[in-house]
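Chemist:
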Amino acid sequence: SAVISQKPSRDICQRGTSLTIQCQVDSQVTMMFWYRQQPGQSLTLIATANQGSEATYESGFVIDKFPISRPNLTFSTLTVSNMSPEDSSIYLCSVVWGANTEAFFGQGTRLTVV
Amino acid sequence: AQSVTQLDSQVPVFEEAPVELRCNYSSSVSVYLFWYVQYPNQGLQLLLKYLSGSTLVKGINGFEAEFNKSQTSFHLRKPSVHISDTAEYFCAVKLQGAQKLVFGQGTRLTINP
Numbered sequence: 007s008a009v010i011s012q013k014p015s016r017d018i019c020q021r022g023t024s025l026t027i028q029c030q031v032d033s034q035v036t037m038m039f040w041y042r043q044q045p046g047q048s049l050t051l052i053a054t055a056n057q058g059s060e061a062t063y064e065s066g067f068v069i070d071k072f073p074i075s076r077p078n079l080t081f082s083t084l085t086v087s088n089m090s091p092e093d094s095s096i097y098l099c100s101v102v103w104g105a106n107t108e109a110f111f112g113q114g115t116r117l118t119v120v
Numbered sequence: 019a020q021s022v023t024q025l026d027s028q029v030p031v032f033e034e035a036p037v038e039l040r041c042n043y044s045s046s047v048s049v050y051l052f053w054y055v056q057y058p059n060q061g062l063q064l065l066l067k068y069l070s071g072s073t074l075v076k077g078i079n080g081f082e083a084e085f086n087k088s089q090t091s092f093h094l095r096k097p098s099v100h101i102s103d104t105a106e107y108f109c110a111v112k113l114q115g116a117q118k119l120v121f122g123q124g125t126r127l128t129i130n131p
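Going down the list, the protein sequences come from chains V and U. Counted from 1, the first sequence has number 113 at position 107 by our numbering; the numbering is strictly sequential. Counted from 1, the second sequence has number 90 at position 72 by our numbering; the numbering is strictly sequential.
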C-alpha cells in the first residue's frame with residue numbers, strides 16, 4: 007500500500023478566499039483522484055488528476071472553482087477557490103497504486119468556511 | 019451508469035451482537051465491489067474487496083461480505099461487534115477496467131454497551 011499525506015489536515019477560512027490542499031504519496035502512482043465529502047454525506051468524485059495534463063472533472067465541478075495540478079507521479083494539489091460556506095467539507099485525496107484495483111485514501115482535509 | 023444503495027443510514031447494535039450492513043448495486047457490466055470504513059475524523063480504510071472467485075470474502079477486523087450476483091448485493095457482516103467498530107461504513111463499486119469508484123450513501127454503525 008501507499009502512504010498518502012494530505013496537508014493541511016484542517017483549516018478555517020474566510021469566505022471569498024482560496025485554499026490549496028496538497029497530496030503527497032511515497033511512491034509513484036498511476037491514478038490520483040480528489041473527492042469531496044459534505045457534512046453527513048458520502049464521497050463525491052471531483053476530478054481525476056492527470057499527470058502532465060489538465061484534470062478530468064466530473065459533472066457539477068469546474069476548473070475555475072477547483073483547479074488541480076499534478077506535476078509528477080507522486081504529488082497533486084487541489085485549490086478551492088472563492089470559497090463560500092457551502093464549500094465546508096472534507097476533501098480527500100485518493101490513489102490507485104500499480105496494478106491494484108482498490109483505492110487508497112489520505113486522511114482528508116477538513117475545511118470550514120466562515 | 020452504476021449506482022450503489024446502502025439500505026440503512028444508521029444501525030445501532032449492542033456490543034457482542036451480530037450485525038449486517040446492507041449494500042445493493044446496479045450495473046449492466048461486471049464490477050468490483052468494496053467496503054470501506056471511516057473512523058471519526060479519519061480518512062477511509064479498506065475493509066475488504068470482491069474482485070472474482072469465491073463469493074464470500076473476508077476482511078480485516080473480523081468482517082466478511084458475500085457477493086450475490088442474482089440479487090446484486092454485497093452485504094457486510096460481523097458475528098460479534100465491539101465498541102471500536104463504531105464508525106461510518108461505505109460500500110463502493112467500480113466497473114472492471116475503470117478506475118472511478120462510486121460510493122453508497124454510508125451506514126453509521128453505533129455500538130452500545
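Note that beta-carbon positions come from the ideal geometry of N, C-alpha and C, so glycine has one too.
(1) Within its chain, find whatever has a CB closer than 6 Å to the CB of ILE52 of chain V; leave out the 5 residues flanking it on each side and keep chain order.
(2) Throw me the rounded Cβ distance for the THR26 of chain V and THR85 of chain V pair, which I believe falls under 8 Å.
(3) Taking all protein chains shown into account, decide if SER82 of chain V is buried (16 or more other Cβ within 10 angstroms of its Cβ) or exposed.
(4) Quick one: what's got a C-beta closer than 7 Å to ASP32 of chain V's C-beta in the same chain, skipping five residues either side?
(5) Which partner residues of SER11 of chain V appear in the DSSP bridge assignment?
(6) Should ILE129 of chain U go down as buried or exposed, given a rule of 16 or more other Cβ atoms within 10 Å for buried?
(7) For GLU106 of chain U, count neighbouring Cβ atoms within 10 angstroms of its own Cβ and tell me buried if that reaches 16, exposed if not.
(8) With a threshold of 16 other CB atoms inside 10 Å of the CB of ARG21 of chain V, please say whether the residue is buried or exposed.
(9) Rounding to the nearest angstrom, what Cα-Cα distance links PRO14 of chain V and GLN89 of chain U in this structure?
(10) Would you grab the beta carbon distance between PHE121 of chain U and GLN56 of chain U for me? Rounded to a whole angstrom, and I think it's under 8 Å.
(11) Do SER3 of chain U and PRO30 of chain U have their CB atoms nearer than 8 Å?
(12) Pairs of beta-carbons, one from the segment 88-107 of chain V and one from the segment 70-89 of chain U, closer than 8 Å: are there three or more?
(13) DSSP on ASP103 of chain U, reduced to helix/strand/coil?
(14) Does the Cβ of LEU74 of chain U have 16 or more other Cβ atoms within 10 Å, making it buried, or fewer, making it exposed?
(15) Quick check on GLU82 of chain U: does DSSP put it in helix, strand or coil?
(16) Flag PHE32 of chain U as yes if its beta-carbon sits less than 8 Å from any beta-carbon of chain V, otherwise no.
(17) Are there 16 or more other CB atoms within 10 angstroms of the CB of GLY61 of chain U, so buried, or fewer, so exposed?
(18) Determine the direct distance from the alpha carbon of ILE18 of chain V to that of ALA109 of chain V, and round the result to whole angstroms.
(19) Per DSSP, what kind of secondary structure is GLU38 of chain U in: helix, strand or coil?
(20) Against chain U, which members of the segment 97-111 of chain V pass a CB distance test of less than 7 Å?
(21) Per DSSP, what kind of secondary structure is ASP17 of chain V in: helix, strand or coil?
(22) According to DSSP, is PRO97 of chain U part of a helix, a strand, or is it coil?
Modeler: Based on what the coordinates show:
(1) As a position in the first sequence, residue 52 of chain V is number 46, starting the count at 1. The beta carbon of ILE52 of chain V is closer than 6 Å to those of TRP40, ARG42, PHE67 and PHE72 in its chain, skipping five residues each way along the sequence.
(2) Locating residue 26 of chain V in the first sequence gives position 20, where the first residue counts as 1. Locating residue 85 of chain V in the first sequence gives position 79, where the first residue counts as 1. Beta-carbon to beta-carbon, THR26 of chain V and THR85 of chain V are separated by about 5 Å, close enough to satisfy the 8 Å threshold.
(3) Within the first sequence, the letter at position 76 stands for residue 82 of chain V. Its Cβ being crowded by 16 or more others within 10 Å, SER82 of chain V is buried.
(4) Taking the first residue of the first sequence as 1, we reach residue 32 of chain V at position 26. Cβ within range, chain order: ALA8 and VAL9.
(5) Walking along the first sequence from the start, residue 11 of chain V turns up at place 5. Within the DSSP secondary-structure output, SER11 of chain V pairs in a beta bridge with V:GLN30.
(6) As a first step, residue 129 of chain U is located in the second sequence; it is residue number 111 there, counting from the start. Flag for ILE129 of chain U reads buried.
(7) Here residue 106 of chain U refers to the residue found at position 88 of the second sequence. The residue is buried, with at least 16 neighbouring Cβ atoms inside 10 Å.
(8) By 1-based counting over the first sequence, the position of residue 21 of chain V is 15. Exposed, since its Cβ has fewer than 16 Cβ neighbours within 10 Å.
(9) Counted from its first residue, the first sequence places residue 14 of chain V at position 8. Counted from its first residue, the second sequence places residue 89 of chain U at position 71. The straight-line gap from Cα to Cα measures roughly 42 Å.
(10) Locating residue 121 of chain U in the second sequence gives position 103, counting from the first residue. Locating residue 56 of chain U in the second sequence gives position 38, counting from the first residue. Incorrect: roughly 11 Å between the Cβ atoms, too far for contact.
(11) Outside the shown range of chain U (19 to 131) lies residue 3 of chain U, about which nothing can therefore be said.
(12) no
(13) As a first step, residue 103 of chain U must be located in the second sequence, where it is residue number 85. In the structure shown, ASP103 of chain U sits in a helix (DSSP, three-state: H, G or I).
(14) Taking the first residue of the second sequence as 1, we reach residue 74 of chain U at position 56. Around the beta carbon of LEU74 of chain U, fewer than 16 other beta carbons lie within 10 angstroms, which makes this residue exposed.
(15) Along the second sequence, one-based indexing puts residue 82 of chain U at 64. Strand at GLU82 of chain U.
(16) As a position in the second sequence, residue 32 of chain U is number 14, starting the count at 1. It does not; no Cβ of chain V falls within 8 Å.
(17) Here the question's residue 61 of chain U lines up with position 43 in the second sequence. Of the other Cβ atoms in all chains shown, 16 or more fall within 10 Å of the Cβ of GLY61 of chain U; this residue is therefore buried.
(18) Indexing the first sequence from 1 puts residue 109 of chain V at position 103. Indexing the first sequence from 1 puts residue 18 of chain V at position 12. If you take the alpha carbons of ALA109 of chain V and ILE18 of chain V, they lie about 28 Å apart.
(19) Along the second sequence, read from residue 1 onward, the residue named residue 38 of chain U stands at position 20. Strand.
(20) Here the close residues are LEU98, VAL102, THR107, GLU108, ALA109 and PHE111.
(21) Within the first sequence, residue 17 of chain V is the residue found at index 11, counting from 1. Reduced to three states, the DSSP call for ASP17 of chain V is strand.
(22) In the second sequence, counting from the first residue as 1, residue 97 of chain U sits at position 79. Reduced to three states, the DSSP call for PRO97 of chain U is coil.
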